[in-house]
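Read through the structure below, which is laid out as structure tokens, and then see the notes.
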Amino acid sequence: MECENRLHGGARSLSADALQKLRRQVVAEVEAGLSMSCVAQNHGISRKSVGNWVREYRSNGEQAFVVRKKGRRAGSRMALLPSQQGWVVQTISAGPPERAGLPYLLWTRRAVAELIRDRFGTSLGPATIDQYLVRWGLTTKSLPPIDPGELPEPSAGVQRLAVAWVCTQPMADSGPVHALLAVTGRGLLFFELSTRPFDRSQLTDFRRRLRMQLGRAVDLFIRAWPPEVAELREALSDPGKPRTV
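Last residue of the sequence shown? That's 244 in numbering that gives the first Met the number 0, and every number before it is there in order.
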């Protein structure tokens with residue numbers, strides 16, 4: 000099929016209804032066999048927009064055509080659809096980043112951003128990633144970073160982190176998820192998720208991964224922990240008992 004060179008005025012100036020119709024038409028043309036570049040040229044929009052709309056349609060069906068209007072209730076203008084957020088949480092819960100093809104040992108803000116970009120073609124900044132983490136219950140005020148002046152100086156080459164094991168429900172229609180969080184004094188966050196409670200081997204592995212990803216020994220201070228598994232706190236100790244502050 001050939002390009003028809005019928006330029007559209009651009010998507011940004013369109014009303015919500017017109018934009019929804021444009022998205023449907025663009026996706027239909029790509030699905031009918033036109034190249035994304037040709038469709039983008041026909042409608043006077045970027046090839047990236049065409050790719051994003053087609054990718055959303057193939058992942059989420061009719062939901063991809065819903066245009067978020069101004070003035071909707073809080074949370075309805077998030078960059079990711081609920082189904083996309085659910086996929087992200089499910090993927091993180093399935094295991095470490097390496098299982099998703101990412102070059103990290105533990106999940107971080109950067110790893111989550113790369114996961115979203117690779118899957119949905121959407122680039123999100125650190126502030127937006129933080130909004131999602133808060134929304135999913137993966138950051139908590141009960142886990143403040145370790146203040147460098149709060150405790151005696153550690154040995155040279157040792158990274159100090161606050162640690163918490165919390166249970167959260169990231170999505171309203173999903174079950175609870177266990178989260179293991181570690182935060183440095185500068186606010187750098189590392190975490191793992193699991194649909195089941197962590198066992199001793201997972202906790203030991205978490206500490207090992209922290210040490211490897213940071214490239215130094217780690218000193219962990221537990222600030223939140225389920226009382227029913229208090230005996231597992233020692234799995235994070237290296238050596239001796241983990242400290243609580």
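For each residue, glycine too, the CB sits at the ideal point set by N, CA and C.
Values in this document were obtained by computation on a predicted structure and should not be read as measured data.
| Asked | Found |
| --- | --- |
| Quick check: Glu113 and Leu132, are their CB atoms within less than 8 Å of each other? | no |
| Measure the C-alpha to C-alpha separation of Ala259 and Gly85 and round it to an integer number of angstroms. | No information on residue 259 is available, as it lies outside the stretch 0 to 244 that the chain covers here. |
| Taking only three categories from DSSP, how would you classify Gln168? | coil |
| Of the residues Gln201, Val228, Gln212, Phe197, which one's Cα is nearest the Cα of Val258? | No answer is possible for residue 258: it lies beyond the span of the chain, which begins at 0 and ends at 244. |
| Quick one: using the 10 Å Cβ neighbour count with 16 as the cut-off for buried, is Gln299 buried or exposed? | With the chain represented from 0 up to 244, any question about residue 299 goes unanswered, as that position is not in the structure. |
| How long is the line joining the alpha carbons of Val87 and Asp204, rounded to whole angstroms? | 22 Å |
| Could you please give the first and the last residue of the uninterrupted beta strand (DSSP E) stretch that includes Glu191? | 188-193 |
| Going by Cα to Cα distance, which pick from Asp172, Arg54, Phe119, Gly214 is closest to Gly156? | Gly214 |
| Alpha helix (DSSP H) containing Ala223: first to last residue? | Segment 216-223 is the beta strand (DSSP E) holding Ala223; no alpha helix (DSSP H) there. |
| Return yes when the Cβ of Ala99 is within less than 8 Å of the Cβ of Thr107, no when it is not. | no |
| Would you mind working out which of Met35, Asp16, Ala163 sits nearest Arg232, comparing C-alpha positions? | Ala163 |
| Skipping 5 residues on each side, what residues in its chain have a beta carbon closer than 6 Å to that of Val111? | Ile128 |
| Using the DSSP secondary-structure output, state which residues sit across from Leu160 in a beta bridge. | Thr183, Leu219 |
| May I ask which residues mark the beginning and end of the alpha helix (DSSP H) holding Thr203? | 199-213 |
| If you run the structure through DSSP and keep just helix, strand and coil, what is Val65? | coil |
| Assign Trp86 to one of three DSSP states: helix, strand, or coil. | helix |
| Look at Leu209 and Glu191 and say whether their C-beta atoms are less than 8 Å apart. | no |
| Within this structure, are the beta carbons of Gln212 and Phe189 separated by less than 8 Å? | yes |
| Would you grab the beta carbon distance between Arg199 and Ala229 for me? Rounded to a whole angstrom, and I think it's under 8 Å. | Not a contact, Cβ separation roughly 13 Å. |
| Under DSSP, the alpha helix (DSSP H) around Pro155 begins and ends at which residues? | The question names Pro, but residue 155 in the sequence shown is Ala. No alpha helix (DSSP H) contains Ala155, which DSSP labels as neither H nor E. |
| With a threshold of 16 other CB atoms inside 10 Å of the CB of Glu97, please say whether the residue is buried or exposed. | exposed |
| Use the C-beta contact count for Arg185: other C-beta atoms within 10 angstroms, 16 or more gives buried, fewer gives exposed. | exposed |
| Here's the rule I'm using: 16 or more other beta-carbon atoms within 10 Å means buried, otherwise exposed. How should Gln40 be labelled? | buried |
| Sorry if obvious, but does the Cβ on Gly186 come closer than 7 Å to a heavy atom of the ligand ATP? | Among the components modelled here there is no ligand, and therefore nothing to report on the ligand ATP. |
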